[in-house]
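Sequential numbering from 2 applies to the sequence shown in this note's numbering. The structure appears below as structure tokens.
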Amino acid sequence: MLILSCTSYHQQFLEKDAILSKNRHMAVLPFYNLTAYPHAGRIVSDLVLTELYAMTDFRLMDQTKVMSLLNKDDEDMDTLMNRTAAIKIGKMLKVDSVIYGSVTEFRYKRSLNEVPVASISIRLLDINTNRILWAGSKSAVGGKCWFCDDALTRLAQSVVHDLVKSIECK
2 MLILSCTSYH QQFLEKDAIL SKNRHMAVLP FYNLTAYPHA GRIVSDLVLT ELYAMTDFRL
62 MDQTKVMSLL NKDDEDMDTL MNRTAAIKIG KMLKVDSVIY GSVTEFRYKR SLNEVPVASI
122 SIRLLDINTN RILWAGSKSA VGGKCWFCDD ALTRLAQSVV HDLVKSIECK
């Protein structure tokens, strides 16, 4: 007997022509963690960066460089979800676009068994025009099967993969 349970919700906005209009140089900022799970924002932003490398032709700033510049400026990581702060940081990093967002759920939910739950929102912001070129959010609940356990990070990676895939820029 095999039991699978997985629910999800996905919403997105896309300005594909504007995204494809130039070879974008972008930085992925640490995501705002709205959960009780320690470092969920940084975990998800790292997953986003990995998926962007694999699925797009964007020129991505190395995460080590992003973090060293942010730490040098003593930027409060909790403000990175703010559009104004994202523009300021994008200019400081000398990129034309930034990806920022939030993690609103990242946990194991108790039911008959513990199941992973992840909710992530992502935005792609053009620094020069102050326009959101792409935005997406997705929530998912992992399933359990007879012989396997879903890991929370694996579910988050699947959510991020689906979101990044929706940019369709490669």
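Here a beta-carbon is modelled for each residue, glycine too, at the ideal position from N, C-alpha and C. For clarity, every value in this text was computed on a predicted model and none was experimentally measured.
Which residues mark the beginning and the end of the alpha helix (DSSP H) in which S138 is found?
Not the alpha helix (DSSP H): S138 falls in the beta strand (DSSP E), residues R132 to V142.
Within the segment 30-94, note down every full alpha helix (DSSP H) run reaching 4 residues or more, in order along the chain.
Secondary structure in the segment 30-94: the alpha helix (DSSP H) runs of 4 residues or longer, each lying completely within the stretch, are 41-56, 64-73 and 84-94 in chain order.
Give me the Cα-Cα distance between K89 and L113, rounded to the nearest whole angstrom.
Here the alpha carbons of L113 and K89 stand approximately 46 angstroms from one another.
Spatial neighbours of G91 in its chain, beta-carbon cut-off 8 angstroms, leaving aside the 5 residues before and after:
The answer, listed in chain order, is A28, D97, S98, V99, L126 and I128.
Where N34 falls, given that 16 or more other Cβ within 10 Å makes a residue buried:
Per the 10 Å Cβ criterion, buried.
Could you round the C-beta distance between A119 and V67 to whole angstroms and report it? I think they count as a contact, below 8 angstroms.
The distance from the Cβ of A119 to that of V67 is about 23 angstroms, inconsistent with a contact at the 8 angstroms cut-off.
Just verifying my parser: in three-state terms, what is the DSSP assignment at R25?
In the structure shown, R25 sits in coil (DSSP, three-state: anything other than H, G, I, E or B).
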